[in-house]
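Data block below; observations after.
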């Protein structure tokens, strides 16, 4: 059932103005963390209401793991809002968490609190540094992009078309290197109205044709090329990604991204799930390369071996958590038990004592007794 607009209570000052299908985005005073997005008249139709209801239901029918992912990584629409006249007066959305905000330096010493759009991931380091926006490493960019592409993969798997990938429609967090996708409420089933965004338009799609899943595959690949490199122009971004991929053992990722952006046939663009797998593989490869090597041990170079009277071997720092993000290393409550190394077989046969294997000291005692007996016999 839709929510009655007049039951929402007072609205706060708008945080988003006239933009595309929306005429304003307002926080709900009585429900912190929720927003009302009001639609323009031409988007408030019964057809749009049906589309919104279908979209809202997709999350309800998703698996528990997918629902948890959507809740954490995008603002999936919560409820359709009607005013009794317009079936799709608006939609209720979750507000992006505060962790996706940062303080940007303006001129002089003036600063401004902003939502950190992926626009800054696709910007040159010099520009970011002038505004005191942190510049992530390649490994950190992989983490952020994995979150964003997980949302895109859910959409692709369920024939939901986003159709509006751009610099402004996803955020990232400096604190935990997570990503967050917005404007999900505009998605459609298998197609949606094309959104003309400069330098993001599908080059293989006619200007009057609706966007589809193949459009999204292009948009996601282009987003990755730009956000992983900090370069906006397409060819330099792809070239930059190839260089980074060679350095970090991620050539599979750069090849797939390039195919997604440059394929002459739209159907040849890789699926979003394939891009997601390549991102995760690149993350694993990069983590292995950046792991600190264990300090060399003296003598035989055995790793983790404890010398007599010495302390326990040093435990390697941290292992990634299930989501790939670093966790604080935990000191074991007891020393690690390290299996001694196997001794290499000698190329010479081992020497054995002959006979029954009598210990050497027994033979010496017997020899002494014989000498004593000989002395007694001689001087008796």
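Residue numbers (this note's numbering): 75 to 454.
The C-beta atom is built at its ideal place from N, Cα and C for all residues, glycine as well.
Quiz item: Any idea what DSSP makes of residue 345, helix, strand or coil?
Solution: Of the three classes helix, strand and coil, the one that applies to residue 345 here is coil, per DSSP.
Self-check item: residue 339 (DSSP reduced to helix, strand or coil)
Solution: Coil at residue 339, not helix or strand.
Exercise. Entirely within the segment 148-222 and at least 4 residues each: give me those alpha helix (DSSP H) ranges in chain order.
Key: Listed in chain order, the complete alpha helix (DSSP H) runs (minimum 4 residues) inside the segment 148-222 are 199-204.
Quiz item: If you draw a straight line from the alpha carbon of residue 130 to that of residue 152, how long is it in whole angstroms?
Solution: So the alpha carbons of these two residues sit roughly 6 Å apart.
Self-check item: Where residue 81 falls: helix, strand or coil (DSSP)
Solution: When DSSP states are grouped into helix, strand and coil, residue 81 belongs to the helix group.
Exercise. Can you tell me the Cβ-Cβ gap for residue 207 and residue 253, rounded? I've got them flagged as a contact below 8 Å.
Key: Wrong, their Cβ atoms sit about 16 Å apart, outside the cutoff.
Practice problem: Might you give, ordered along the chain, the residues of its own chain that have their beta carbon closer than 7 Å to the beta carbon of residue 348, omitting 5 neighbours on each side? | Solution: If you ignore the 5 residues before and after residue 348, its C-beta comes within less than 7 Å of the C-beta of 330, all in its own chain and listed in chain order.
Quiz prompt | Beta-carbon spacing of residue 88, residue 100 below 8 Å | solution = Yes, these two residues count as a Cβ contact at 8 Å.
Self-check item: Residues near residue 455 by beta carbon distance below 7 Å, same chain, minus five either side
Solution: With the chain covering only 75 through 454, there is no way to say anything about residue 455.
Quiz item: Going by alpha carbons, who is nearest to residue 295 out of 336, 251 and 356?
Solution: When only C-alpha atoms are compared, the closest one is 336.
Self-check item: Those residues which DSSP pairs with residue 112 across a bridge
Solution: 98 and 164, per the DSSP bridge assignment.
Exercise. Please check if any C-beta of chain B sits within less than 8 Å of the C-beta of residue 232.
Key: Absent from the structure is chain B; it holds one protein chain and no more.
Quiz item: Is the segment 171-178 close to the segment 190-207, with three or more CB pairs under 8 Å?
Solution: Taking 8 Å as the limit for Cβ pairs, the verdict is that the segment 190-207 does touch the segment 171-178.
Self-check item: Beta-carbon proximity check, residue 173 vs residue 250, cutoff 8 Å
Solution: Yes. Within cutoff.
Quiz prompt | Counterpart residues of residue 93 in DSSP-defined beta bridges | solution = Residue pairing for residue 93: DSSP places it in a beta bridge opposite 96.
Quiz item: How about the segment 195-212 and the segment 267-282: do they share at least three Cβ pairs that are nearer than 8 Å?
Solution: They do not touch, by the three-pair rule.
Practice problem: Report the option in 107, 83, 86 and 115 whose CA atom is closest to the CA atom of residue 94. | Solution: Among 107, 83, 86 and 115, the Cα nearest to that of residue 94 is on 115.
Practice problem: Within the same chain, show all residues whose beta-carbon is closer than 6 Å to that of residue 408, passing over the 5 residues directly before and after it, in chain order. | Solution: Only weak support exists for where residue 408 lies, its pLDDT of 34 falling under 50; the value from the coordinates is given anyway. Apart from sequence neighbours up to five positions away, no residue of its chain approaches residue 408 with a beta-carbon distance below 6 Å.
Quiz item: According to DSSP, which residues form a beta bridge with residue 266?
Solution: Bridge partners of residue 266 according to DSSP: 285.
Exercise. Quick one: residues in its chain with C-beta nearer than 6 Å to the C-beta of residue 169, no 5 flanking neighbours on either side, listed in chain order?
Key: 107 and 109.
Quiz item: Going by beta carbon distance, what residues of the same chain come within less than 6 Å of residue 90, once the five residues before and after it are set aside?
Solution: If you ignore the 5 residues before and after residue 90, its C-beta comes within less than 6 Å of the C-beta of 99, all in its own chain and listed in chain order.
Practice problem: List the residues that DSSP assigns as beta-bridge partners of residue 254. | Solution: 245, per the DSSP bridge assignment.
Quiz item: Of all the options 123, 245, 263 and 264, which has the alpha carbon lying nearest to the alpha carbon of residue 256?
Solution: Of 123, 245, 263 and 264, the residue nearest in Cα terms is 245.
Exercise. Taking 8 Å as the cut-off, decide whether the C-beta atoms of residue 350 and residue 221 are in contact.
Key: Cβ atoms of residue 350 and residue 221: not closer than 8 Å.
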